[in-house]
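Residue numbers (our numbering), protein chains in the order written: chain A, 320 to 435; chain B, 23 to 137.
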Amino acid sequence: AQSVAQPEDQVNVAEGNPLTVKCTYSVSGNPYLFWYVQYPNRGLQFLLKYITGDNLVKGSYGFEAEFNKSQTSFHLKKPSALVSDSALYFCAVRDPYQTGANNLFFGTGTRLTVIP
Amino acid sequence: DAGVIQSPRHEVTEMGQEVTLRCKPISGHNSLFWYRQTMMRGLELLIYFNNNVPIDDSGMPEDRFSAKMPNASFSTLKIQPSEPRDSAVYFCASSAYGGSGNTIYFGEGSWLTVV
Numbered sequence: 320a321q322s323v324a325q326p327e328d329q330v331n332v333a334e335g336n337p338l339t340v341k342c343t344y345s346v347s348g349n350p351y352l353f354w355y356v357q358y359p360n361r362g363l364q365f366l367l368k369y370i371t372g373d374n375l376v377k378g379s380y381g382f383e384a385e386f387n388k389s390q391t392s393f394h395l396k397k398p399s400a401l402v403s404d405s406a407l408y409f410c411a412v413r414d415p416y417q418t419g420a421n422n423l424f425f426g427t428g429t430r431l432t433v434i435p
Numbered sequence: 023d024a025g026v027i028q029s030p031r032h033e034v035t036e037m038g039q040e041v042t043l044r045c046k047p048i049s050g051h052n053s054l055f056w057y058r059q060t061m062m063r064g065l066e067l068l069i070y071f072n073n074n075v076p077i078d079d080s081g082m083p084e085d086r087f088s089a090k091m092p093n094a095s096f097s098t099l100k101i102q103p104s105e106p107r108d109s110a111v112y113f114c115a116s117s118a119y120g121g122s123g124n125t126i127y128f129g130e131g132s133w134l135t136v137v
């Protein structure tokens with residue numbers, strides 16, 4: 320079975336400070352991992368993904384995430400937060416060894432608030 | 023390139039009425055997903071299709087919900103009869119099929135309120 324956990328419902332950070340949104344996963348094999356962002360009254364927008372290769376993945380809007388196999392984590396990071404980064408962030412996982420299934424399993428989301 | 027297109031964006035209907043939500047996936051994508059988002063349950067997968075064929079509908083709440091994909095460029099999610107607890111945001115999403123690393127792209131959602 321595959322699952323993903325986002326341990327923090329809410330993260331607050333001051334503008335200009337670095338931000339981290341945490342995600343841990345559970346899959347039977349090597350995972351495919353994704354981050355999405357949802358702004359108010361909008362759909363989910365793809366930020367970045369890890370499939371293979373370099374553990375540090377860079378994505379849209381200056382975000383990056385680091386795949387850590389030993390800790391089964393894929394935390395989202397940004398060096399300097401902007402007020403416009405305030406949104407709901409979702410981590411998602413797919414088990415590539417589950418034949419025929421290309422669905423993603425989403426976490427419960429973390430609401431990021433960047434304080435001016 | 024146009025993204026996933028959903029209609030209507032907003033719908034308010036009375037309990038017992040039929041609701042039909044529509045989706046046009048990204049051209050060339052052959053996997054289509056319907057999700058529901060509520061405060062209580064978060065993001066739930068209702069059903070998904072590969073090459074117009076339903077693959078997993080285990081998330082469909084009950085017989086009042088049905089989904090079809092008559093061709094590669096169109097899908098519907100129907101609720102009949104609707105109930106207040108169906109009030110939610112319904113997202114359609116699509117991806118290419120054939121590689122597990124493919125990204126799923128979401129539409130802007132259909133905001134449904136059943137009164």
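Glycine included, C-beta positions come from ideal geometry on N, C-alpha and C.
The structure displayed is predicted, hence computed values, not measured ones.
For residue 434 (chain A), not one C-beta of chain B is nearer than 7 Å to its own C-beta. A residue is called buried once 16 or more other Cβ atoms fall within 10 Å of its Cβ, and residue 85 (chain B), having fewer, is exposed. Close to residue 430 (chain A), with beta-carbon spacing below 7 Å, lies no residue of chain B; the smallest spacing is near 12 Å.
Under the DSSP definition of a beta bridge, residue 322 (chain A) partners with A:345. The criterion of a C-beta distance shorter than 7 Å is satisfied by residue 356 (chain A) and residue 366 (chain A). It is roughly 35 Å from the alpha-carbon of residue 30 (chain B) to the alpha-carbon of residue 350 (chain A). For residue 428 (chain A), same chain residues with a beta-carbon under 7 Å away, outside a window of 5 residues either side, are 325, 407, 408, 409 in chain order.
In this structure, residue 346 (chain A) sits near residue 412 (chain A), with a CB-CB distance shorter than 7 Å. In this structure, the beta-carbon distance from residue 113 (chain B) to residue 70 (chain B) does not fall below 7 Å.
For the pair residue 327 (chain A) and residue 400 (chain A), the CB atoms are not nearer than the 7 Å cut-off.
The beta carbon of residue 402 (chain A) lies closer than 7 Å to those of 334, 433, 435 in the same chain, with the five residues before and after it left out.
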